[in-house]
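Protein chains in written order, with the numbering used here: chain A, 107 to 323; chain B, 78 to 87.
Note that beta-carbon positions come from the ideal geometry of N, C-alpha and C, so glycine has one too.
Keep in mind it's a predicted model, so treat the numbers as computed, not measured.
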């Protein structure tokens, strides 16, 4: 375990908690793609199947898995609940959240069957999960490119998400030099994810940060 | 057989 990975995992968890805090405190879901949030739940559920095998890696690893699964499910619950509490915003979300996730699911499923560590259910599910995580933000990216509004996607959320991705690269470098081991599939998916995220951040910067700067009185 | 892969990263 190295500081990059711990900080990366904590900022990943922080990004989910910030999103929950934003939804609950501002009581708005504007700009959030429910599809991306559902894909994240799928990422955690398919990746953490080893929780059921009780071959626990470590206490930290187990407790964080439980945190990730529960907090990401809670985000989706909050978004679903806004169907009643803020019906208009919920309808707007469904109207603008139009990315065809079928393509992502099919593509990542094929990738999982072709590229995995071992042709077992758990390993194919794990591989599906890392490929899925690398493209899960696409619905959110397309929604942002269309609407440009994003009250709930605050800079804190974007920063924490970016920090998580960024810190995983030095973590892999550190592990390669200290343990001489590297998970090639996680590395490949992680690089794709970092590229997709940087595209998302560029869009966010253009759409939200520069636009709000223009609106200054 | 290939070693059992242990994923210790989240």
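### Task
Run down chain B in chain order and give the residues with a C-beta less than 9 Å from the C-beta of residue 111(A).
Residues of chain B passing the Cβ test: 86, 87.
### Query
Which ranges does the alpha helix (DSSP H) cover as unbroken runs of at least 4 residues, wholly within the segment 132 to 156 of chain A, from first to last along the chain?
Whole alpha helix (DSSP H) segments, 4+ residues: 140 to 153.
### Message
Which same chain residues end up closer than 7 Å to residue 242(A) when comparing Cβ atoms and leaving out the 5 residues on each side of it in sequence?
### Response
Counting only residues of its own chain and dropping the five nearest sequence neighbours on each side, residue 242(A) has a CB closer than 7 Å to the CB of 142, 145, 146, 149.
### Query
Does the segment 260 to 271 of chain A come close enough to the segment 121 to 135 of chain A to have 3 or more Cβ pairs within less than 8 Å?
Taking 8 Å as the limit for Cβ pairs, the verdict is that the segment 121 to 135 of chain A does touch the segment 260 to 271 of chain A.
### Task
Look at the alpha carbon of residue 174(A) and the alpha carbon of residue 115(A), and state the distance between them as a whole number of angstroms.
Their Cα atoms are separated by approximately 10 Å.
### Message
Checking 8 Å against the spacing of the C-beta atoms, do residue 134(A) and residue 253(A) come in under that value?
### Response
No, these two residues do not count as a Cβ contact at 8 Å.
### Query
Taking Cβ positions only, does residue 242(A) come closer than 8 Å to chain B?
So no, residue 242(A) is outside the interface.
### Query
Taking the C-alpha atoms as reference points, what is the distance between residue 248(A) and residue 205(A)?
When rounded, the distance between both Cα atoms is 7 Å.
### Message
What are the residues in the segment 163 to 188 of chain A lying within 8 Å of chain D by C-beta distance?
### Response
Here chain D cannot be found, since the structure's protein chains are A and B.
### Query
Just curious, the alpha helix (DSSP H) that residue 190(A) is in, first and last residue?
Its alpha helix (DSSP H) spans residues 165 to 191.
### Query
How is residue 220(A) classed by DSSP in three states: helix, strand or coil?
For residue 220(A), the three-state secondary structure derived from DSSP is helix.
### Message
Just to confirm before moving on: does the CB-CB distance between residue 278(A) and residue 293(A) stay below 8 Å?
### Response
Their beta carbons are under 8 Å apart, which means residue 278(A) touches residue 293(A) by this criterion.
### Query
Is there contact here, the segment 288 to 303 of chain A with the segment 225 to 239 of chain A, by at least three beta-carbon pairs under 8 Å?
Segments in contact, yes.
### Query
Whose Cβ in chain B lies nearer than 9 Å to the Cβ of residue 232(A)?
Chain B residues near residue 232(A): 82, 84.
### Message
Given this structure, state the Cα-to-Cα distance separating residue 309(A) from residue 246(A), to the nearest angstrom.
### Response
If you draw a straight line from the Cα of residue 309(A) to the Cα of residue 246(A), it is about 11 Å long.
### Query
Going along chain B, which residues have a C-beta under 8 Å from residue 229(A)?
Simply 82.
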